[in-house]
Amino acid sequence: MGGCSSALIISMCGLVFLDVSFAAHYTDKWAVHIEGGVHAAKSLTEKHGFIFLGEIMPDFYHIQHKKVAKRSIYASKSHQVALAAEPQVKWIEQQISKHRVKRNVNFNDPKWNMMWYLNRGHGLDMNVRRAWERGYTGQGVVVTILDDGIERDHPDLRRNYDDQASYDVNDHDPDPTPRYDYTNENRHGTRCAGEVAAEKDNLICSVGVAYDASIGGVRMLDGDVTDSVEAQSLSHNPQHIHVYSASWGPDDDGRTVDGPATLARKAFFDGITKGRGGLGSIFVWASGNGGRDGDSCNCDGYTNSIYTLSISSATENGNIPWYSEACSSTLATTYSSGSSMERQIVTTDLKRGCTETHTGTSASAPLAAGLCALALQANSMLTWRDMQHIVVMTAKPENLRAQDWLINGIGRKVSHSFGYGLMDAAEMVSLAKNWTTVPKQQVCEIRYPEKSRVVPPNSRVTAALYSTGCEGRNNHVKYLEHVQARVTLTSDRRGEIQIFLTSPMGTRSTLLARRTRDTSQDGFSNWAFMTTHNWGEFAKGTWMLEIENGASAFQPAVLLDWVLVLYGTDRHPQQVPTTTSTSTTAAPTSSTTTAPPSNYPRSVADKANPRVPATPNFPEYNHNIFRTNLKSPYARRKPPLHRHHMCIFETLAKRNNISSMQYRRAVGNSTSDDDKS
């Protein structure tokens, strides 16, 4: 983002309009990286006329300049030049107010008094009562809600309220109590908190999934949502908080492509590498409510991240809700609202109230966070990746209705609408209790060797890559977890692009579905489309990326670059137990992740302004998710060419009703391996 305005330019009938309603607004606040400690940072920033607001995370600080307008469409670079020139300053960025929407769906349905999603039985709930009966209630686990605050004195929350898991980032004080107004718009966080940890047996409102867990809230959505605000929230007290639950993100409007910026990316990475004593913070995220607008959660850089556990919704009757977004990054599902005839979620509400109408994926993520708390009580040594493995292995596809269920290469059912299925509390705690920590995460990257591939209108282009999974190297990936395709392409109408990825074991993921409302000409710049559908598959073999351009004549697309990124392990992570053992698990070894580079490579914007220190770099985010000049040159290397696996040609040839030899000629011999170490 840097210091560039991201005002949206819309071209219609030859006329150009500036859409100021979606334009980025620069605030009067900066984030700055200063070495030497808090006292040195405070003295240095005040020396240059800034107000020191506090620490965002170690060595990163939030500052304000009183002579700068609180909101402006123009950057105020003159105020940062002198500070940026100080040798202790490693990076500085004026903060931009980011548009973030609460993932809530409002209905006026009649109230009801049964928590059907917890107590129906017969495989039609999340099997929570069985976990409770075994003594798993969230005791000793801390969950915090990143939202618009929580009502800490609510009679159904106050017993479990944890002030160490709470903070008001918007007003810079320890009290996360929501701001009250006549619309009750800031009820979102209090509702989410009750789903997790509402007290039981007190004759008030509801029962939380983890009713003995400690609950906190970070008030961060009731004001300007900047990179600093997000980062400070995501990194609040990570040695105390175990699970962070977020039910918000970029606009679910079917046309936005957005995600975490520099500091939030660092907060995510620091969380999974350092949080919980190195076991990793658990980030649970709502997948989004843009279904009615044809949105894809793979265009949301929060749910599309390998670091978040992305949760979708199912209705009372096991259907896909009208608001649900289908995408390959969704890991699992919990219940929420549906049609006007289906029941919704019961939880705490503002002004010490109770509601029976909490809705959307906003309601699904806190339920998942509560289920994770139960699993952590069963085994406090679970790493962030252990938790994702457990969710994949225990989720139930039964009773969830979707047309897109498929069986992946190792026999697991998975869906773009529901992930691996409905989360199951009893199975999660059973598996967690005797879990052995998975081997360390390996990362293998393979770059497609061709410089560009034109995708004509109303046509499809296939780009094939052969990979050994970096076999024989210290980053060998044999068994897959997450898979990314980092794609750079140009398009005159981005919403007409569809992208598919087929694994060597034949699993075809929809990385991007058509988004009819997305008329942007920005294309994608190194955007990491992620799929969870290859979990447990073998990495070795031929991977096929298909780009489909549904645009009309004279609107070609160009695939400029794509990199296949394989995450996983060199050894089998865990065998599914045939019976549940009652023995205790030996202390597992800690799972680790590839460390971030120590250097801070400069972005294009940084090179243009050498006085501003460069942007930090983090492994999953080795790409600029924001718009850049797609005409600039791209450095590439050409790995040795290898032959395709014939089995994948036979499979894809049958799908396209042509012979395997015709398919080989169509895609050409442009496969590559040399897996980047």
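Going left to right, the sequence shown walks through residues -23 to -1, 1 to 654 as mature numbering (1 follows the signal peptide of the UniProt record, and there is no 0) numbers them.
In this text, a Cβ means the ideal position worked out from N, Cα and C, and glycines have one as well.
On a predicted model such as this, the values are computed, not experimentally measured, just so you know.
Asked, Found
"Out of F501, E32, T493, which has the shortest C-alpha to C-alpha gap to R269?", "T493"
"Tell me the DSSP secondary structure of T250 in three-state form.", "helix"
"Near P374, what residues of its chain come up, given a Cβ to Cβ distance below 6 Å and the 5 sequence neighbours on each side ignored?", "K390, G398"
"Which residue marks the beginning of the beta strand (DSSP E) containing Y3, and which one marks its end?", "2 to 11"
"In or out: P343 buried (at least 16 other Cβ within 10 Å) or exposed?", "buried"
"Straight-line CA distance for A528 to F501?", "16 Å"
"Find the nearest neighbour of D229 within the set C182, G254, T280, N96, judged by alpha-carbon distance.", "T280"
"Contact check, V195 vs V146 under 8 Å by CB: the rounded distance?", "6 Å"
"For a minimum of 4 consecutive residues, which ranges assigned as the alpha helix (DSSP H) are wholly contained in the stretch 121 to 197?", "165 to 174"
"Going by DSSP in three states, K390 sits in which element: helix, strand or coil?", "strand"
"Using a Cβ-based criterion (distance less than 7 Å to any ligand heavy atom), does W412 qualify as near the ligand GDP?", "With respect to the ligand GDP, the structure shown offers nothing to examine, as it has no ligands at all."
"Three-state secondary structure (DSSP) at N275?", "helix"
"Put W520 into one of helix, strand or coil per three-state DSSP.", "strand"
"Use the C-beta contact count for V234: other C-beta atoms within 10 angstroms, 16 or more gives buried, fewer gives exposed.", "buried"
"Just the C-alpha distance for Q551 and N356, rounded to the nearest angstrom, thanks.", "16 Å"
"V9: which of K455, V58, L536 sits nearest, CA to CA?", "V58"
"Measure from the alpha carbon of A530 to the alpha carbon of each residue in S468, W539, F506, then state which is nearest.", "S468"
"Counting along the chain, where does the alpha helix (DSSP H) carrying S55 start and finish?", "55 to 61"
"Quick check on DSSP: helix, strand or coil for M92?", "coil"
"Considering only the alpha carbon of each residue, which of T496, F506, S392 lies closest to V464?", "F506"
"According to the neighbour-count rule (16 or more other Cβ atoms, all chains shown, within 10 Å of its Cβ), is Y312 buried or exposed?", "buried"
"Quick one: what does DSSP say I218 is sitting in, helix, strand or coil?", "coil"
"Per DSSP, I384 forms a beta bridge with which residues?", "K390"
"What are the boundary residues of the alpha helix (DSSP H) that includes V369?", "361 to 371"
"Can G112 and L351 be called in contact, C-beta distance under 8 Å?", "no"
"Looking at C-beta atoms only, is the number of pairs between the stretch 136 to 154 and the stretch 189 to 205 that lie closer than 8 Å three or more?", "yes"
"Where does S341 land, buried or exposed, given buried means 16+ other C-beta within 10 angstroms?", "buried"
"Does the distance from the CB of residue 659 to the CB of L488 come in under 8 Å?", "With the chain represented from -23 up to 654, any question about residue 659 goes unanswered, as that position is not in the structure."
"Label T292 either buried or exposed according to how many other C-beta atoms from any shown protein chain fall within 10 Å of its C-beta, with 16 as the threshold for buried.", "buried"
"Within a Cβ cutoff of 7 Å, which residues of the same chain sit near L419, ignoring the five residues on either side of it in sequence?", "Note that residue 419 corresponds to Gln in the displayed sequence, not to Leu. Hits under 7 Å: N452, H453, V454, G545, T546, D547."
"Under a three-way DSSP split, which group does E319 fall into?", "coil"
"Confirm, please, whether the CB-CB distance from G347 to E172 is below 8 Å.", "yes"
"Expressed to the nearest angstrom, what Euclidean distance is found between the alpha-carbon atoms of P554 and D124?", "Here P554 scores only 40 on pLDDT, less than 50, and its place in the model is too uncertain to base an answer on."
"Find the nearest neighbour of D5 within the set I73, S20, V15, judged by alpha-carbon distance.", "I73"
"Go ahead and pull the three-state DSSP assignment for M34.", "strand"
"What do you reckon, are the CB atoms on D495 and G472 nearer than 8 Å?", "yes"
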